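In short: position in the sequence shown from 1, add 1, done, that's this note's numbering.
Here is the structure we will look at.
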Amino acid sequence: MAIPTLFLVVTLAFFMMRAAPGSPFDMDRKLSPEIEANVMAKYGMDKPLGAQYADYIKGVLQGDFGPSLKYKDKTVLQILQENYKVSLILGLSAITLAGAIGVTLGVLAALKQNGWVDYGVMGVAIVGVCIPTFVTAPLLVLLFGSILQWLPNGGWNGGAIQNLILPITVLALPQIAIISRLTRAGMIEVLQSNYVRTARAKGLPAHRVVFKHALRAAILPLVSYLGPACAGLLTGSLVVEKIFNLPGLGKFFVISALQRDYTVVMGMVIFYAG
């Protein structure tokens, strides 16, 4: 099922990109008709659309995603290889932070069910889910970057930790909200189970009952969520990388789409969809 879905996504993306008005070669300066025709012929874009599609699919099957139309002397594979590490660092860091904080908050909320801690955690979780990253990111930049000036507004700076705190936080916040709610629901169900009641009746310490018996069973639904969450963080970094000016795949995807760099956009689509 995955291969037909990927094929469908690639096909739709290919024809949608070609249907967009304009040309990737008339963005910077207007070319003469002769020069533009030569450039179009160089990249095979003077062929009928069906022939272009067939050539592209043939190249993809051979592992050739073609050259970039805007970045000179670079292929799509080179761009992917040079920039995926930034997106990977952001995604893994965000899911690690979200897991640590989300599980902790979920356990606390379950242990203090219907108390102020529970209501506070769930209130924060609702806010975290409802506010999109393109709203959270500028607000945090304004507060911590411009007003308080505690952290840089953006930039990579060789992966310096101070440059990563804000983007990782922005990516992690929605996941913290979801993970805390999943953990809370699982913990409440497990804490009411017979084997946990038996463990308490035997006089086991509360921390041992919670962490050795209850938490192990409660995080099982969470494990099944982590796979889609990791994929979501990679695709969700599109806006974050652009706002914080990070040289990851998300930033290149946005810029390439605006510049109509068809081959790079298609390569990114295949990477994210795969």
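Yeah, the Cβ is synthetic: ideal placement off N, Cα and C, and Gly gets one too.
All figures in this text were calculated on a predicted structure; none of them were measured in a lab.
State the start and end residues of the unbroken alpha helix (DSSP H) segment that holds residue i.
i	result
residue 164	162-192
residue 56	50-62
residue 154	Note, residue 154: premise wrong, no alpha helix (DSSP H); not H, not E.
residue 120	117-131
residue 21	Premise fails: residue 21 is in no alpha helix (DSSP H) and is neither H nor E.
residue 67	Where residue 67 is concerned, there is no enclosing alpha helix (DSSP H), given that its DSSP letter is neither H nor E.
residue 76	Careful: residue 76 lies outside any alpha helix (DSSP H) and carries neither H nor E.
residue 150	Element bounds for residue 150: n/a, residue is neither H nor E.
residue 261	Where residue 261 is concerned, there is no enclosing alpha helix (DSSP H), given that its DSSP letter is neither H nor E.
residue 196	195-202
residue 140	134-141
residue 216	216-219
So who's on the other strand from residue i, going by DSSP bridges?
i	result
residue 34	According to DSSP, residue 34 bridges with nothing at all.
Report the rounded CA-to-CA distance for residue i versus residue j, giving the unit in angstroms.
i	j	result
residue 119	residue 207	19 angstroms
residue 142	residue 47	45 angstroms
residue 56	residue 14	15 angstroms
residue 242	residue 252	5 angstroms
residue 151	residue 54	50 angstroms
residue 203	residue 249	54 angstroms
residue 199	residue 125	33 angstroms
residue 43	residue 85	28 angstroms
residue 36	residue 4	39 angstroms
residue 266	residue 255	8 angstroms
residue 65	residue 8	16 angstroms
residue 136	residue 38	43 angstroms
residue 73	residue 24	17 angstroms
Can you tell me whether residue i sits near the ligand COA, meaning its C-beta is under 7 angstroms from at least one heavy atom of the ligand?
i	result
residue 156	In terms of ligand content, the structure shown is empty, and the ligand COA therefore cannot be addressed.
Would residue i pass as a contact of residue j if the rule is Cβ separation under 8 angstroms?
i	j	result
residue 107	residue 18	no
residue 67	residue 264	yes
residue 26	residue 40	yes
residue 109	residue 168	no
residue 161	residue 191	no
residue 176	residue 258	no
residue 159	residue 246	no
residue 81	residue 268	yes
residue 180	residue 129	no
residue 217	residue 111	no
residue 240	residue 215	no
residue 260	residue 71	yes
residue 211	residue 201	no
Using only CA atoms, which one of the options lies nearest to residue i?
i	options	result
residue 50	16, 76 and 64	16
residue 222	37, 65 and 104	104
residue 262	84, 132, 195 and 21	21
residue 273	88, 149 and 144	88
residue 93	165, 209 and 215	165
residue 171	36, 71 and 244	244
residue 173	225, 144, 69 and 230	230
residue 270	78, 133, 213 and 73	78
residue 225	52, 163, 183 and 148	183
residue 238	138, 227 and 212	138
residue 193	140, 114 and 134	114
residue 178	31, 102 and 6	102
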